[in-house]
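Q: Using my numbering, read the sequence shown as starting at 2 and increasing by one per residue.
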Amino acid sequence: MTTCTAPSHTITCSSRCTTDHTDDMDGTRHPVDVHHELYGAVAFAEYTDGYEDHACWRLLCARLAVSPDSTISPAYRIPYVAVEVAADTYTRPMDPDQLAGFIETVAGQLEELRAMHPRLTAARAEWTARTGKTANADSA
Numbered sequence: 002m003t004t005c006t007a008p009s010h011t012i013t014c015s016s017r018c019t020t021d022h023t024d025d026m027d028g029t030r031h032p033v034d035v036h037h038e039l040y041g042a043v044a045f046a047e048y049t050d051g052y053e054d055h056a057c058w059r060l061l062c063a064r065l066a067v068s069p070d071s072t073i074s075p076a077y078r079i080p081y082v083a084v085e086v087a088a089d090t091y092t093r094p095m096d097p098d099q100l101a102g103f104i105e106t107v108a109g110q111l112e113e114l115r116a117m118h119p120r121l122t123a124a125r126a127e128w129t130a131r132t133g134k135t136a137n138a139d140s141a
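Rendered as structure tokens:
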């Protein structure tokens with residue numbers, strides 16, 4: 002555990018906190034604004050909100066956090082996990098059981114994606130046979 006003392010408060014981090022609290026110690030930050038966090042591995046996927054201009058965005062990035070003095074909700078005052086499902090879109094703070102349920106939901110969707118892969122492969126082969134064109138998005 003790490004303990005830092007600011008002019009207005011003391012911050013005690015758990016062994017899991019990787020937040021740099023330097024800015025929290027300058028005397029201008031209120032204890033409510035102090036967050037202890039540990040980020041998981043970052044993954045990216047390319048997507049868009051239209052039909053063009055695809056960009057890489059974070060996908061399914063987990064954050065273990067606690068904000069002991071949060072005024073938003075008691076759920077933030079005890080350790081929780083929030084998952085950035087897509088860029089700047091987060092789950093609610095989840096306890097261990099809720100996280101397990103979320104993992105099962107995502108696992109089910111991964112199975113759906115795995116089932117879609119051979120369907121796409123077959124559809125591309127059928128399209129190529131029918132049109133005589135290479136099944137390449139750039140040549141379509």
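Heads up, the beta-carbon is just placed ideally off N, CA and C, and yes, glycines get one too.
Looking only at its chain, what residues have a beta carbon closer than 7 angstroms to the beta carbon of residue 92, apart from the 5 residues adjacent to it on each side?
A: If we look at residue 92 and ignore the five residues flanking it on each side, its Cβ neighbours are 83, 84, 86 and 103.
Q: Label residue 94 either buried or exposed according to how many other C-beta atoms from any shown protein chain fall within 10 Å of its C-beta, with 16 as the threshold for buried.
A: So residue 94 ends up on the buried side.
Q: With a Cβ-Cβ cutoff of 9 angstroms, do residue 41 and residue 62 count as a contact?
A: Cβ distance < 9 angstroms, so residue 41 and residue 62 count as in contact.
Q: Rank 15, 126 and 132 by C-alpha distance to the C-alpha of residue 67 and give the top, closest one.
A: Residue 15 is the option with its Cα nearest to residue 67.
Q: Nearest by alpha-carbon distance to residue 90: which of 60, 108 and 44 is it?
A: For the residues 60, 108 and 44, the minimum Cα distance to residue 90 belongs to 60.
Q: Classify residue 71: buried if its beta carbon has 16 or more other beta carbons within 10 angstroms, exposed otherwise.
A: When all chains shown are included, residue 71 counts as buried.
Q: Run through DSSP, which three-state label would residue 31 get?
A: In this structure, residue 31 counts as coil in the three-state DSSP scheme.
Q: Within the continuous beta strand (DSSP E) that includes residue 37, where are the two ends?
A: Where residue 37 is concerned, the enclosing beta strand (DSSP E) stretches over 37–40.
Q: Just to confirm the assignment, what range does the alpha helix (DSSP H) spanning residue 59 have?
A: Per DSSP, residue 59 belongs to no alpha helix (DSSP H); it is in the beta strand (DSSP E), 56–59.
Q: Kindly indicate if chain D contains any beta-carbon less than 9 angstroms away from that of residue 41.
A: Judged by its chain identifiers, the structure shown contains no chain D, having just a single protein chain.
Q: Is it right to say residue 31 is buried, meaning 16 or more other beta carbons lie within 10 angstroms of its own, or is it exposed?
A: With fewer than 16 Cβ atoms within 10 Å of its Cβ, residue 31 is classed as exposed.
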